[in-house]
Each structure stands twice: as structure tokens, then as C-alpha cells.
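Everything in the sequence shown is counted per my numbering, starting at 2 for the first residue and increasing by one.
What follows is a short report on a single structure.
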Amino acid sequence: MMNLSVSKAVRFALFGGAAAASLSLPAVQANENEQQLERIEVTGSRIKRTDMESALPVTVMSSEDIAKTGLTDVSAVLAQMPYNTAGSFISDAGSSASNHASSGMRGLGSNRTLTLINGRRIAPSATFGADATNLNLIPMDAIERIEILRDGASAIYGSDAIGGVINIILKKNYDGLGFDLKFANPTQGGRDEMSASMTFGNTSDKSSSLVIIEHKKFDPLKGGQREHLTANWDKAYGRSSLYAPEGTWRPVAARPGKKEDGTFETPSYTGDYVPGKDCPADQIVQSKDGPRCGYSMFDGTDYLPDQTKDSLFSNLTYKITDNLEWFGQAIVMRDKSTTSSTALWTPNLFIAADNPLNPTYGTAGATEVQAYHRLTGVADRSTTFKSDVVDVVTGLNLELDAGSLNWYVQYSDQQVDISTDSYVFEDNLQQAVDAGLYNPFVLGGNATQATLDSFLHTATRQADSKTTATAISWAALAPIALPGGDIGYAVGAEYQKMEFSDRRDAQQAAGKVLGTYGGDSAGERNYKAAFVELELPVTDDLNVKLASRYDQYSLPDEGQLSSSINLRYQLLDNLVLRASYGQGFRAPSLDDLLGEAATSYDRVIDTKGCQMLPPDQREGADVCESTQYLRKSSGNPELKPEESDQYAFGAVWNITDDISLVVDYYNIEISNQVSYVGAQTILDLEATTGLGAYDPKYVYVKRDTEGKIEEIGAGYINMDGVQTSGLDVSFSSRFELGNYGSLKFALDGTYALEYTEQASPVDPRYDVLGTKGYPELRFNSTFSYEYDAFSASLIAKYIDSYAGETPQQQAANIDKQDFGSFTTWDLAMNYDFDQFGKVTVGARNLFDAMPTVNYELSYPGYDADTHNIIGRVVYAGYQIRF
């Protein structure tokens, strides 16, 4: 007899109960008289089992399935999965985390989806507030398969596993030497891809070694390279920015003074906007306060960054005895991402009446003016992210007749250096204008290099996310039998220490630099956890699994107990019913808890002050107009963990040996959701006496003796959370064509039924499904054909249409441009020449479909988290093994 390998057992599971991925191969049929399934661990449980008709819905994508997508990075593979109801966070060029990409299931965000590597956490993203796993830092060619648990699992894995669990299983055994090379080119230009890797491995009875070296290069996608997206932004009404290199000016009564914190008082304007004299006529945009020189935010901006990734992955095992095995795994990676963004603008630049640069200079009505200028050609910004990753794990596996013991210790570190060219010392720029050395109404300012050097600054940030962890677990069958078989159980404990820091350079921290973002953040915490699982085969047909886990965090200093129950019932030989209920939680991130105070001036309305006026005096009153006020925000160490209750039920029907249907319903409700409340919401809460529900140290309005606003405290609070439900449907079939090969069809989709949330504590709950970013339906369907050494697949990916308005805007009868449905087709073909290698050719988005362009959106003009703007991509690859 022989054991069926893990990878084959996983494919067997696809028809036996785990929901099949739309790209997956059909089940491997086992002859019970000839083969014996080995017991393996599947995502969602630490109890090893041979019967993989799980009570939990698990989707599996093998490395072969991933190859059919034609994609070369993990984040892009996961972004196409239909369970990402509201899309994924991509590495776009308009973000302060352009090197980051993550995936969030059920529309709950990537911080509520737990991502594991071989069942273990890695250090969270240093540039994303240590709040999610950065998928960009996982070597693609090292992946054996991806298991996606489409249910909450905090009772097994702890924090973050509310929306589900993504478990990336890396390769372990390999004999020989292999090379992979792939090129991909969009037919519209930009975003060329190149991927190359070398794999070396050796396996013997006592040991195994595997080393994979990988190099990837992605060219940027720049503004102007997608005509479909940029065509109308170059027209006057698309030039949405007030700040243009040719300038706009507006007269003021006097130069406003500075407040104690170094920010300006609100200017007192004495006239309307006037475009600079050199402003091209087709750039002049009309506004209610006069014409201005407009600027397209797309000029000089990248859509997607320039990225280079170099990684080394190694996996080693050694059998100390027949029962005891040592293992070690290491990932070392360097990721460099560079992105260009629009040149800096000048929000507080003034020109005296007696300055020759002043447009009113020498006239009878000469007056101080405020200049609105963009430093194009002078301060064109480029940001570089250099990420260094080290993740090392070592441990022992002990296999006994009585059970299995696993112990490991892990060190994981992500260090990111961020540098941005061409930020500006605001005071120095003002001095250059005052001295007549920089003209804000001329492209480039007519300035010498010495003048430019006097006010330009390269801003830097250093971010570091580090974890050290250890865990031990024991899984076995108890010497107690129920009618359905022996009781299985698993027990264990886990410890992790996390350290995080994100700090700006000293000049930024001192508030001297214009255009920088955010404040500093730093801190550390640890958690200890204990867990237990119990599997009860009550009868031959009914299986019950119970799990509980207790997590004790040092910050917030609270314990969290999460429990779950899962039922599996074999109603018929070919029909399985399953149901689950679970409790989940998410600990607030260190950035949410400990972020240092950051200040800005937000333009808001004093709701309480306006309401105190008689109704007939409110129109035109200063207190009822949008005005800039000082806003301070920081972390909130009093935040409570988020909690969730969720349940699911479904059925797995093997209609025939070659046709399978899986349907699952899910329902998730979150409480104590950590949400950011802005300055306007704080003022609205104050007007309704709702501020008393929050800690006044973090959420407040400070007024002077006359009742005028001095300062608004905004930040993170706990509030009512999301409630969402929906259906997952998977269908898979295989048709044998005799001597002509085999044909397969698969469909995998999610239909969301409800997604209600409260935008802020003063808003009612709305169902946001069918509005921006929340399509109701997503599905993938795959047609594939195999004949001898040839195979081909055609994959259709569909995203439903949705409205451009928010529910609040719909309630107010505000009409916005809608987003149309988006369908793409991917074609892949390959031929295996045996010892001469394997050739793959294909096209992603075969028909060059482009998403809806919404001109009511700011940059980038389309829904980047849901849709893809790259267009058709043709690719070719070659793989050879020795």
C-alpha cells in the first residue's frame, strides 16, 4: 500500500467537502484497496485527519492553479478571488504605503483577515501601521499552495481571524535543479514584468534541503499611459487642483499671523481669484470665487510603482531519529519600490504689496496677495521604499504512535527606509519669495540652484516591525471511542512579542517641512495564548468539533476568550451538511493605540456654534461657514479589542464522481469596531451631547471663554461595527473525452446579501452593498482542457456594477456617476516538452477591458481597490527541471 501525498490529498478534499477553487483540478479518486490517505493538518484545525470533508469551508489553490492565472505576485492572485467582496489594498503609487499590498475577505479589511505562512504569523507590515501582512514580501515561486479558510477562526489562531484565514504553504521537498523565466508586457505600454528564479533541492531518507532564489521586476505605470483613464482629465473641468505652476492669486487685507503652533490664521480675503498672467487659456477653470489656473492631478503621477524584489527562501529538515525531525526555514528579501507623485503645492505663500513679484505691484490698488502655486519642475516628488525582510523559523516535530508534538521558535523582522525628494522648508520658501528670488507665477520660479537648495528637503522615515514567537502543540487520538470513532484532540500554547516604530526625520518632527504626512508611532506588546480543540465522532455520520482559545495581551491589558463549534453531518453517501458558530476578535494595532499626536488644520463647520444662532441669522454667519480649525489626533491606549459573532452553514453535494456543488452561507457581526472619527464628526457629536460617551483625553472640543473653537481632538474610538452576510457557491465538473483528453469547468462565486455599517456615531446604519467599492456579486469561471502534454485554460472574472453614491447621498437624492460591471478573460496555454522544459504563453485580460472612469473621483480616477487598470497583458514563460 502507499500513502497519498499531501498535495493529492488536498485535491481529494476539493470534491470531498472543501469548497473547490475555480482554478482547481478535479478530485483524485483513490482506490480504497490500494491506497491509504495519510493524516494531514488542514487550515482551520490542528487535529490531523484523513477525512477531509471538513465542517469548515476551505478553498485550495495549488501552484499549478496559480500558474494558470499568469500572475507573478501573491497579492494579485488573492485580489482576483471572489471572497474579496470590497477588493484588496494594492501597491498603488498614490499611497504612503506604496510598497504594501494585502487582502481582506468579506469586505472587512485586511486587518480582519489573518494571513499565515505555513500556519504561522509573520511580522506585520511596517508601512501599514503594523496592522496587516504585506503580501509583497512573500516569494511567489516558493509557494506550494494557498489554503483559504472562508470562516472566522479566532478560536484556533487568535486575533485578526474574523473575515477568514489565508494560509500560504511553502514548498518543502524537491530533488534536482530548476529554472523559471517569465516575461509579461501590457499591450498599452507600461508595467512590464520580468520574473526569474532558480530552485535547488536534495531529498534523502534522513534529510531534505531546498533553496529558491527569486528576482522580480515591475516597471511603473505612469500618468498618461492609459488614454482611457486620462483623456478627459486634461480638459479644463478635469483640472481639479487650485495649485498650478503658473499660479493663481487672491488679494488679502493683510498677511495673516501665525499661531503658537506655527500655523497660519485664516486670511481675510478682499477679492476673488485671479489666474497668473502666464496661465494657458485652456487651463483656466471657473469657480464661485472667480477664475483660477487649474492643474490636472495626474500630471507627473504614477498609477503603479516601479518595483524590484530579490528573495531567498530555504527549507531544511533532518531526521534525528525515526520519530524526531528538526526543521528550519528562512526567508530573506529586499524589496525596492519607487513612485513619482505630483509636485508640491504652497498653501500658505504670501507676497507683499511692495514686492515686484506681486501682480498688483505698482498699481493704485496694490495689496498683499496669497499665491497658489505648484512647484512643478522644482519639487517633483519621488518616493523610494527600501524594505528588508528576515523571517527565520526552527523547531522540532515528534511523531509517536500516541500523537504528534510540534515546537518552534521564530524571529521575523521588516525594516523599511522611506525617502522622498523635494519636500520644502516652508519658511525658507517664503523668504525666497520675499527676496524676489523665486517667482510663483512662472514655471520653475526663475530661480537659481542655490535658491532651490535653500528650501528643498529630502524627507526620510524609518519604520520597523519585529516579532519573536514560540509555540508548542500536541495533537492525538484519545483512548476513548465514540460510535463514529476515536476522539481527537489538540492542545497547545503560544507566545509572541511585537515591537513597532515609525519615525520621521528631525526636521519633519519639528514641523518645519511642508507636505509631509502623519506623526510618529512606536511601542511594543506581547501576548500569551493557550488553546484546545476536541473532535467528537458522535456517530458514523455526525462529527462535532469544539475549540477554545484564551489570549492575554499586555496592551490592551485584557484577556480574550474565543470559542467555536463546528458540525458535519453525512446525510447521504454523496451529500454532506455542515454548520459552524464562532467568536472572533481583533486586538487594536500598536499604531491605533500608541500613535503620537499629529496636527493639521481641517476645514469644518462649528455645528454647535451654528445651532446656537437663531435660524434667521445662520445663513452667511462665520460660525456656520466651513472654517479651518486646529485638529490634533493620536493613538488611543484605552481602545478595547474588536469582537465578532459569526455563523455559517452549507452543503457539499458530489452529484456524480465528476460533478460537485458546494453552497455555503455566512453571517458576521462585529462589535467594538475600531474606527477613526474626524473633526467634523466630533463637532456633530458635541452638538448632540454625544461626546460624553468617549474618553475626553482623546475625543474632545476645546473652546475659549467666548465659545470659539481652539482645538479639536480626533482619533480612534470603539463603535458599532459591520454586519455582513452572503452566499459562496462553487461548482466543478470534469468530462473525459476518451483519446482526446479531458475537459473541465469550474465556477466559484460570492453573492453578498448584506453589508450594513455606521459611517460615524452620529450616522444611521446603512446597507452599503451596491455602492462604491461594495459590489454584490463576484465570480470566476474556468474552462480548461488537457491532452497529453498540452493544456489550456480560459478564465472569466466578473465584478458586478455598483452605484457611485454613498447610501447617505442616495438618501439625499444626490446623483453620482455609477461604476459599470467589469469582466476580464484570461487565456493560458502550455506544453510540456519533458526533459526539454515546459513552455507557457498566455494573455491576461484578453479583450483589453477597462474599468469605468469616474471623473467625480480624485486620483486615480477609478476604483483602484476593486478594478485593474493595466489592460491586456501578454506573457511567455519557460521552465526546466534537471
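Ideal placement from N, C-alpha and C gives every residue a C-beta, glycine not left out.
Only a predicted model underlies this, so the values are computations on that prediction, with no experimental measurement involved.
- With the rule of 3 Cβ pairs closer than 8 Å, the segment 370-383 counts as touching the segment 332-352.
- DSSP, read as helix, strand or coil, puts S92 in coil.
- Judged by DSSP secondary structure, I870 falls outside any beta strand (DSSP E); it is assigned neither H nor E.
- A Cβ-Cβ separation of about 19 Å leaves R587 out of contact with I149 under the 8 Å criterion.
- Proximity to S522 across A80, G596, L211 and L573 peaks at G596, based on C-alpha coordinates.
- Close CB contacts of S312 within its chain, under the 6 Å cut and outside five residues either way in sequence, are with P140, E215 and M334 (chain order).
- For G610, the enclosing alpha helix (DSSP H) has its first and last residue at T608 to Q612.
- DSSP, read as helix, strand or coil, puts E644 in strand.
- DSSP places N186 in the strand class (E or B) of the three-state scheme.
- The Cβ-Cβ distance between L828 and I796 falls below 9 Å.
- The alpha-carbon separation between A580 and P221 amounts to approximately 46 Å.
- Residue environment: S104 is assigned as buried (16 or more neighbouring CB atoms within 10 Å of its CB, all protein chains considered).
- When only Cα atoms are considered, E620 and T608 end up about 13 Å apart.
- Straight through space, the alpha carbons of S726 and G805 are spaced by roughly 22 Å.
- Nearest in C-alpha terms to Q809, of all of T772, D819 and E712, is T772.
- Residue pairing by DSSP places Y717 opposite Y677 in a beta bridge.
- Spatial neighbours of M195 in its own chain (CB-CB distance under 6 Å, excluding positions within 5 residues in sequence) are listed in chain order as F184 and K218.
- Apart from sequence neighbours up to five positions away, the residues of its chain that approach P268 with a beta-carbon distance below 7 Å are V253, P257 and Q371, ordered along the chain.
- Pairwise C-beta distances place the segment 166-184 in contact with the segment 201-208, as three or more of them are shorter than 8 Å.
- Bridge pairing for H374: A245 [DSSP].
- The three-state secondary structure of D206, taken from DSSP, is coil.
- Inter-residue distance for T44 and V166 is about 8 Å (C-alpha atoms, whole angstroms).
- Restricting attention to G272, S315, T469 and E534, the CA atom closest to the CA of A154 is found in E534.
- Scanning its chain for C-beta atoms nearer than 8 Å, with the 5 sequence neighbours on each side dropped, one finds around G437 the residues N356, P357 and L358, in chain order.
- Here S46 is not bridged, per DSSP, to any residue.
- Assignment of beta-bridge partners to Q415 by DSSP yields V390 and S466.
- Here R587 carries a strand assignment [DSSP, helix/strand/coil].
- Assigned with DSSP and collapsed to three states, E228 falls in helix.
- For D603, no alpha helix (DSSP H) segment is defined; the enclosing uninterrupted segment is the beta strand (DSSP E) at A599 to V605.
- With respect to G843, A530 sits apart: the two C-beta atoms are not nearer than 9 Å.
- The Cβ atoms of Y799 and L778 lie closer than 9 Å to each other.
- Counting C-beta pairs closer than 8 Å gives fewer than three between the segment 478-491 and the segment 433-447, which falls short of the contact rule.
- It is roughly 21 Å from the alpha-carbon of A87 to the alpha-carbon of M62.
- Y788 is the residue among Y701, Y788, S822 and G708 whose C-alpha sits nearest the C-alpha of L738.
- In the DSSP assignment, L543 falls within the beta strand (DSSP E) that extends over L543 to S555.
- Unbroken alpha helix (DSSP H) runs of no fewer than 4 residues, entirely contained in the segment 395-442, are found at 427-435, following chain order.
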